[in-house]
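K.L.:
Chains as they are written, first to last, in my numbering: chain W, 1 to 417; chain L, 1 to 417.
All residues carry an ideal CB built from backbone N, CA and C; glycine is no exception.
Just so we're clear, the structure is a prediction, and the values are computed from it rather than from any experiment.
Following this line, the structure appears as structure tokens:
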């Protein structure tokens, strides 16, 4: 008998029929002898409906009241799912974030979980009941309703699993696991049966949007085994995101992520002096523009080129700020490009396998793809290139690193399942 | 400076524009120097929408979960109204039933309020904030969400007013006060400026649906001055329902109520023995059929006729039960009529004015209206007649007892305002 926390997102509970399907899946797990806690999001469309209502009353609604409003979304789902479970003859009990006492800080709309009381939930589980919990919401020390922000239900599920020391936290989504890359772009993309938390974090930050980064970080911190599964198909065990190193490091590369949401900016001919990086990025940060990659080349004429990427939507804003900064710094000029793509190779295997980077560059060069920026971390290599090369580059790398579904040797496949 | 509790029903907060209008009205009261607590219902249509959702998942949803679901209705309204107040520059703070701690018993869907904590609300009021509270809902001692059932928001408002020792509890509805009778039937019907709780209770139980009986009883018990006002018009002070006797008992009759929702059943020729009433009504009560009027005439041939009224929807059911009972009691036969109306004259003035009953019967007789049943209490006389006489009888009595708007002497009008 295991204790399993299952999380179902908005699409999975989008209408009464889907809620009934989720109830059958939960019942199935429960009937197999497991204790089950279910965390659910608001029905898809509900959060938008409520936000529109709020905006029609106040263009910038006070965040405390917005949280009170949005928290009703999951409250509706927990009630309906508990009813659907009752219809199947399962004893189920729903709890809002406030009823569980998911204690958060007071940062409305992006609160962080501080503590979870698990006594009542544990008591229900021990009495054989299925516990249904509203994701995305909590309560601060003054009993104010808070919400956790985007992807908050995943965080609730992981935090609940950590508090209950659950055996597994299963995140049901509209995909059936984590793939080596986006299967819509590369039909040969292979579902990973296992991936480490670190790899998942790098994939997520590089544009693979299966899970929100915060919930993966949370799982990593509290060593909660996390599994991504499809709520729309009964086949497959999804992908297990584990905090343990793979027993045998068979794969050097876990996957390839790509991100077309960025734009590149360069300040050319900056005098190469200490403090320049700060003088360039300071005003950018103050304008609430987030910076991703940063590259600075060694100077050879007393000046240097300073390049970084921002979210594409912030391109014009950042460009304006830089014009100003460049003048102050007596830099030569500001250039930029918002038609770029960042492609990342991710895998813990890189640590012990030399030559991954050169293999990557060689594969891209063979296709005549010019690399504009390079940035590396211990388990990731990211390159920036013209956006038009996205598909070609991803497919080329996918094949070059043996990720295509048919190139996988049979014994390795077996070892992974 | 007074402390005023205002309650707005579902129609008054039915859309963002109406919520904005309520906010302006609340602001107006607050700007006049009063402390204001606002109790709101779910937006009109919302409770039906949620109930339909529940039914689509479970034909008879568990009541605990139904309460969790329905409680979201008012939670949406408190958030939106607080936002609308913020837009007007008013500091407002919303609370769910659980946040206030409106403690109820555990009878889901029809819970009764046991206790209200008023410390937080009082603190907010003293800090100059407007407090917005979700009506209709509470929490039991185990932190389960409960709802108070039909008209629950009125009860919340009155209970809140009692707990805070408010100066007045104002119930905003779609009518601008309590009338001597239904103005749609009698254009001469007059709005009462004052009415006693007892009169209001009798009017309510006789079919005048301005307020739910429970909230009036509550107001009576805790001596909360209750005022009925229109949320759609700015004119008029509505009707004050007071626990005090009118200083001068100018009016003998407060109003005329009528109820076309009843049906009449008679067991004819019942042996006139002790215990017969119980043997007839026992099985009716066990079948959950509520009985209103009961009349038994003196026997003169060793048998008696036993007549009572039930809700029209229960007529067939009650008739079937009676057939059975009649056989057991060797009664002669069962007869009935579901095309009747009950008309009631209500007024504390009856206590000190003799002859009201005979004046009533005379007025009806003059119109050739046959009276089928009569039942009296200290401040009410009810008669049952064929339904087709409803309008004629109500208008006749309205005129006969000087209730028509033009027959009201000028000085009396003045004294009432």
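(1) Would you identify the three-state DSSP class for residue 185 of chain W, choosing helix, strand or coil?
(2) Looking at C-alpha atoms only, which residue of W:355, W:164, W:308 and W:109 is the closest neighbour of residue 400 of chain W?
(3) Residues of chain L with a CB under 7 Å from the CB of residue 72 of chain W: which are they?
(4) Expressed to the nearest angstrom, what Euclidean distance is found between the alpha-carbon atoms of residue 112 of chain W and residue 161 of chain W?
(5) Where does residue 30 of chain L land, buried or exposed, given buried means 16+ other C-beta within 10 angstroms?
(6) Rounded to whole angstroms, how far is the Cβ of residue 37 of chain L from the Cβ of residue 164 of chain L, which I believe are closer than 8 Å?
(7) Output yes or no for whether 7 Å exceeds the beta carbon distance between residue 269 of chain W and residue 331 of chain W.
(8) Could you tell me how far apart the beta carbons of residue 374 of chain L and residue 264 of chain L are, in whole angstroms, since I believe they sit closer than 8 Å?
(9) Does any C-beta atom of chain L lie closer than 7 Å to the C-beta of residue 248 of chain W?
(10) My guess is that residue 134 of chain L and residue 95 of chain L are in contact by the Cβ rule of under 8 Å, so how many angstroms apart are they, rounded?
(11) Within the 7 Å Cβ cut-off, does residue 366 of chain W reach chain L?
(12) Tell me the DSSP bridge mates of residue 271 of chain W?
(13) Could you tell me the alpha carbon to alpha carbon distance between residue 360 of chain W and residue 191 of chain W, rounded to whole angstroms?
(14) In the DSSP output, which residue or residues are listed as bridge partners for residue 141 of chain L?
(15) Please name the residue in W:221, W:145, W:155 and W:301 whose C-alpha comes closest to that of residue 93 of chain L.
(16) Taking C-beta to C-beta, are residue 424 of chain L and residue 70 of chain L nearer than 7 Å?
(17) List the residues of chain L whose Cβ lies closer than 7 Å to the Cβ of residue 143 of chain W, in chain order.
(18) Terminal residues of the continuous alpha helix (DSSP H) containing residue 51 of chain L?
(19) Are residue 83 of chain W and residue 61 of chain L close, meaning C-beta to C-beta below 7 Å?
(20) Since residue 324 of chain L is in the alpha helix (DSSP H), which residue starts that stretch and which ends it?
(21) Would residue 94 of chain W count as contacting chain L if we go by Cβ distances under 7 Å?
(22) Give the secondary structure of residue 311 of chain W by DSSP, where H, G and I count as helix, E and B as strand, and everything else as coil.
(23) Going by the DSSP bridge assignment, what does residue 255 of chain L pair with across the sheet?
(24) With a threshold of 8 Å on Cβ separation, who are the neighbours of residue 283 of chain L within its own chain once the five nearest residues in sequence on each side are excluded?
(25) Quick check on the DSSP output: the alpha helix (DSSP H) that includes residue 9 of chain W runs from which residue to which?
(26) Residue 357 of chain L to residue 305 of chain L, Cα distance in whole Å?
(27) Based on Cα-Cα distance, which residue from W:396, W:392 and W:132 lies nearest to residue 418 of chain W?
(28) Measuring straight from C-alpha to C-alpha, what distance separates residue 368 of chain L and residue 394 of chain L?
(29) For residue 87 of chain W, would you say it is in contact with chain L, using Cβ-to-Cβ distances shorter than 7 Å as the test?
(30) Grab me the residues of residue 296 of chain L's own chain with a C-beta within less than 8 Å of its C-beta, minus the 5 sequence neighbours each way, in chain order.
(31) Can you pull the chain W neighbours of residue 83 of chain L, defined as C-beta to C-beta under 9 Å?
(32) From residue 239 of chain W to residue 215 of chain W, what does the alpha carbon distance come to, in whole angstroms?
(33) Taking 7 Å as the threshold (beta carbon to beta carbon), is residue 80 of chain W in contact with chain L?
(34) In its own chain, which residues sit with a C-beta less than 7 Å from the C-beta of residue 44 of chain W, not counting the 5 before and 5 after it?
(35) Quick one, which residues of the segment 1-19 of chain L are near chain W if we go by CB-CB under 8 Å, in chain order?
P.N.:
According to the data block:
(1) Residue 185 of chain W falls in the coil class under three-state DSSP.
(2) W:355
(3) 72, 75 and 76
(4) 16 Å
(5) So residue 30 of chain L counts as buried.
(6) 7 Å
(7) yes
(8) That belief does not hold up - the Cβ atoms of residue 374 of chain L and residue 264 of chain L are roughly 13 Å apart, past 8 Å.
(9) Summary for residue 248 of chain W: the model assigns pLDDT 49, below 50, so the residue's position carries little reliability; its value from the coordinates is reported in the next sentence. Look at residue 248 of chain W: its C-beta is not under 7 Å from any C-beta on chain L.
(10) 7 Å
(11) no
(12) W:303
(13) 21 Å
(14) Partner(s): none; residue 141 of chain L has no beta bridge.
(15) W:145
(16) Examination of residue 424 of chain L is not possible in this model, given that chain L is present from 1 through 417 alone.
(17) 99
(18) Its alpha helix (DSSP H) spans residues 46-57.
(19) yes
(20) Residues 315-328.
(21) yes
(22) strand
(23) Per DSSP, the beta bridge partners of residue 255 of chain L are L:346.
(24) 321, 324 and 325
(25) From DSSP, residue 9 of chain W is part of no alpha helix (DSSP H); its letter is neither H nor E.
(26) 23 Å
(27) No answer is possible for residue 418 of chain W: the residues shown for chain W start at 1 and end at 417.
(28) 14 Å
(29) yes
(30) 277, 304, 305, 306 and 307
(31) Below the 9 Å Cβ cutoff, chain W contributes 54, 57, 58, 61, 62, 65, 66 and 69 as neighbours of residue 83 of chain L, in chain order.
(32) 15 Å
(33) yes
(34) 10, 11 and 14
(35) 16 and 19
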